[in-house]
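Taken in order, these protein sequences are the chains called Y and G. My numbering puts the first residue of the first sequence at 1, with every later residue one more than the last. My numbering puts the first residue of the second sequence at 1, with every later residue one more than the last. Quick reminder that beta carbons are idealized off the backbone N, C-alpha and C, glycines included.
Protein chains: 2
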Amino acid sequence: MVKSEQKSIRGEDLKAKVLQTTLKLFSQQGYFNTSLQDIRKSCGVSIGAIYHHFENKEALAKALFETLLDEMNQVIMEAMDPHDSCRAQSHAVAEALFQLTLDEPQKMQFILMAQHREYLPDAAPICSSRPFQSMKDIVEQGMRKKEIRSLDDWVAASTMFGGALRLMNLHLDGALDRPLMELLEETMDCAWRGLKA
Amino acid sequence: MVKSEQKSIRGEDLKAKVLQTTLKLFSQQGYFNTSLQDIRKSCGVSIGAIYHHFENKEALAKALFETLLDEMNQVIMEAMDPHDSCRAQSHAVAEALFQLTLDEPQKMQFILMAQHREYLPDAAPICSSRPFQSMKDIVEQGMRKKEIRSLDDWVAASTMFGGALRLMNLHLDGALDRPLMELLEETMDCAWRGLKA
DNA sequence: GTCTATAAATGGATAGAC
DNA sequence: GTCTATCCATTTATAGAC
Numbered sequence: 001m002v003k004s005e006q007k008s009i010r011g012e013d014l015k016a017k018v019l020q021t022t023l024k025l026f027s028q029q030g031y032f033n034t035s036l037q038d039i040r041k042s043c044g045v046s047i048g049a050i051y052h053h054f055e056n057k058e059a060l061a062k063a064l065f066e067t068l069l070d071e072m073n074q075v076i077m078e079a080m081d082p083h084d085s086c087r088a089q090s091h092a093v094a095e096a097l098f099q100l101t102l103d104e105p106q107k108m109q110f111i112l113m114a115q116h117r118e119y120l121p122d123a124a125p126i127c128s129s130r131p132f133q134s135m136k137d138i139v140e141q142g143m144r145k146k147e148i149r150s151l152d153d154w155v156a157a158s159t160m161f162g163g164a165l166r167l168m169n170l171h172l173d174g175a176l177d178r179p180l181m182e183l184l185e186e187t188m189d190c191a192w193r194g195l196k197a
Numbered sequence: 001m002v003k004s005e006q007k008s009i010r011g012e013d014l015k016a017k018v019l020q021t022t023l024k025l026f027s028q029q030g031y032f033n034t035s036l037q038d039i040r041k042s043c044g045v046s047i048g049a050i051y052h053h054f055e056n057k058e059a060l061a062k063a064l065f066e067t068l069l070d071e072m073n074q075v076i077m078e079a080m081d082p083h084d085s086c087r088a089q090s091h092a093v094a095e096a097l098f099q100l101t102l103d104e105p106q107k108m109q110f111i112l113m114a115q116h117r118e119y120l121p122d123a124a125p126i127c128s129s130r131p132f133q134s135m136k137d138i139v140e141q142g143m144r145k146k147e148i149r150s151l152d153d154w155v156a157a158s159t160m161f162g163g164a165l166r167l168m169n170l171h172l173d174g175a176l177d178r179p180l181m182e183l184l185e186e187t188m189d190c191a192w193r194g195l196k197a
């Protein structure tokens with residue numbers, strides 16, 4: 001039944017299907033444990049079709065990675081947009097990222113926990129990617145407006161989001177007993193107490 | 001010259017040399033980008049010798065991983081030992097881990113940034129390993145003694161050490177402009193403000 | 001205990017038909 | 001644009017000499 005639904009997939013739909021399947025397999029097993037044959041089988045497509053849309057395995061991973069970083073950055077921008085204060089923006093961003101972690105665990109797994117530089121030699125470290133830069137910007141802005149006290153930029157950013165990011169990791173590792181979202185208020189309150197002017 | 005120094009390495013010395021070389025290569029290139037041939041060449045030993053001391057590549061990685069987790073836990077225990085209060089213990093542990101990151105970046109790189117479960121299917125998530133459990137214990141103890149306010153255990157632990165761990169990551173990624181150790185006081189002060197009763 | 005040579009399998013990538 | 005068949009390099013692991 002699954003097979004019959006897929007048989008007519010072509011063009012951009014096929015490309016999207018490949019990306020979707022690749023995300024699933026990479027996040028579950030990792031890049032190196034996933035062969036192109038695995039991807040081929042899992043989405044009922046041929047090797048030739050995959051190579052038509054992506055130059056090679058590395059380019060496939062790169063396309064996926066960049067798509068997800070863009071998406072994450074989009075989520076961050078939309079979350080902070082309606083707010084003015086550093087505190088409100090940070091809270092909204094953390095909430096949006098928690099929600100994304102719950103809605104799309106594979107995407108967050110791939111972004112947060114994969115070692116991209118092992119297979120994308122030219123990739124920048126994740127901490128300098130746009131979404132993480134956006135988060136750092138929020139905190140630096142808050143420091144300029146004296147909402148948070150004067151601290152090293154990296155210390156301030158790590159304090160604001162370090163706890164929340166760690167909880168996302170723990171959730172994805174299955175370590176948390178309580179629902180992730182229930183921990184949002186406490187975590188961001190702790191961060192704020194540590195930073196406020 | 002290097003070769004002539006190594007030619008007589010045998011037995012336990014050889015085993016240690018293999019582990020040391022493996023750490024270097026795994027932390028630099030990752031597990032999957034490092035072949036046994038790479039290890040063989042890099043430490044001037046034969047494949048046969050490696051297989052004599054380790055059942056297979058996975059067992060080699062496992063031996064290395066467990067050694068490093070033990071070492072890290074040892075560092076933590078020794079750092080907290082002279083202190084009583086949760087605050088002093090946490091500070092000492094963070095300082096010791098910063099120092100370990102500076103002294104042995106490859107070891108911390110391997111512990112903090114590798115995705116061990118991609119090649120050690122039976123490995124527990126890193127957050128439940130002994131060193132991380134020790135850190136969590138310090139915080140929970142502090143909560144019982146009312147030094148820090150009543151919070152979810154994971155939130156408290158993530159707040160106390162989330163910032164410091166993130167800074168270690170950033171340092172290893174080369175993202176920090178300032179020396180890691182200069183950020184210790186500020187980071188742990190932020191964490192403490194967020195947690196104190 | 002250490003070595004070399006090689007087996008056996010797998011994976012990325014290509015060629016060419018449709 | 002998609003498919004199948006195949007090439008070639010690489011890798012883990014073993015066998016057997018020393």
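Excluding five sequence neighbours on each side, which residues of the same chain lie with their C-beta closer than 8 angstroms to the C-beta of Leu100/Y? Met72, Val75, Lys107 and Met108
Does the Cβ of Arg166/Y lie closer than 6 angstroms to at least one heavy atom of the ligand MN? The ligand MN is absent from the structure shown, which contains no ligand whatsoever.
Of the residues that make up the segment 10-26 of chain G, which ones have a beta carbon closer than 8 angstroms to any beta carbon in chain Y? Taking 8 angstroms as the cut-off between beta carbons, none of the residues of the segment 10-26 of chain G comes near chain Y.
The alpha helix (DSSP H) that contains His116/G, what's its start and end? No alpha helix (DSSP H) holds His116/G; DSSP gives it neither H nor E.
Taking 7 angstroms as the CB-CB limit, is Asp38/G close to chain Y? Output row for Asp38/G: interface = no.
Per the DSSP calculation, Ile148/G is bridged to which residue(s)? Lys196/G
Whole angstroms is fine: what's the gap from Met135/G's alpha carbon to Ala63/G's? 23 angstroms
Determine the direct distance from the alpha carbon of Ala114/Y to that of Thr34/G, and round the result to whole angstroms. 17 angstroms
Burial state of Ile126/Y, where buried means 16 or more other Cβ atoms lie within 10 Å: buried
By the 10 Å Cβ neighbour count, where 16 or more other Cβ atoms means buried, how is Asn169/Y classified, buried or exposed? buried
Give every residue of the same chain whose Cβ lies closer than 8 angstroms to the Cβ of Leu69/G, excluding the five residues on either side of it in the sequence, and list them in chain order. Ile111, Ser129, Arg130 and Pro131
Would you call the segment 12-26 of chain G and the segment 179-193 of chain G in contact, with 3 or more CB pairs under 8 angstroms? The segment 12-26 of chain G is not in contact with the segment 179-193 of chain G.
Residue environment, Lys146/G, which counts as buried when at least 16 other CB atoms sit within 10 Å: exposed
With 16 as the cutoff for other CB atoms within 10 Å, does Met143/Y come out buried or exposed? buried
Can you list, in chain order, the residues of its chain with a C-beta nearer than 6 angstroms to that of Lys15/G? Leave out the 5 residues immediately preceding and following it. His53
If you follow the alpha helix (DSSP H) that Thr21/G is part of, which residue opens it and which one closes it? Gly11 to Gln29
Is the Cβ-Cβ distance between Ala124/Y and Ala96/Y less than 7 angstroms? no
Would you verify that the beta carbon of Ser230/G is, or is not, closer than 7 angstroms to some beta carbon of chain Y? Outside the modelled stretch of chain G, which goes from 1 to 197, sits residue 230/G, for which no answer is possible.
Out of curiosity, what's the CA-to-CA distance linking His116/Y and Ala61/Y? 9 angstroms
In its own chain, which residues sit with a C-beta less than 7 angstroms from the C-beta of Thr159/G, not counting the 5 before and 5 after it? The beta carbon of Thr159/G sits closer than 7 angstroms to the beta carbons of Ala191, Gly194 and Leu195 from its chain, once the five residues preceding and following it are set aside; these are given in chain order.
Strictly below 8 angstroms CB to CB, what residues from chain Y border Val155/G? Gly163, Leu167, Leu183, Glu186, Thr187 and Cys190
Under 8 angstroms by beta carbon: chain G residues contacting Arg130/Y: By Cβ distance, chain G contributes nothing, its closest Cβ being about 14 angstroms from Arg130/Y, past 8 angstroms.
Thinking C-beta only, is Ile138/Y closer than 7 angstroms to Ser85/Y? Contact: no.
For His163/Y, the first and last residue of its enclosing alpha helix (DSSP H): The sequence as given places Gly at residue 163/Y; His does not occur at that position. Start and end: Asp153 to Leu172.
Amino acids of chain G, ordered along the chain, whose beta-carbon sits closer than 9 angstroms to that of Gly227/Y: What is shown of chain Y runs 1 to 197, which leaves residue 227/Y out entirely.
What does the alpha-carbon distance come out to for the pair Gln29/Y and Thr67/G? 25 angstroms
Kindly indicate the opening and closing residues of the alpha helix (DSSP H) around Gly44/Y. First-last for Gly44/Y: undefined, no H or E at that position.
For Arg166/Y, is the classification buried or exposed, using 16 other Cβ atoms within 10 angstroms of its Cβ as the cut-off for buried? buried
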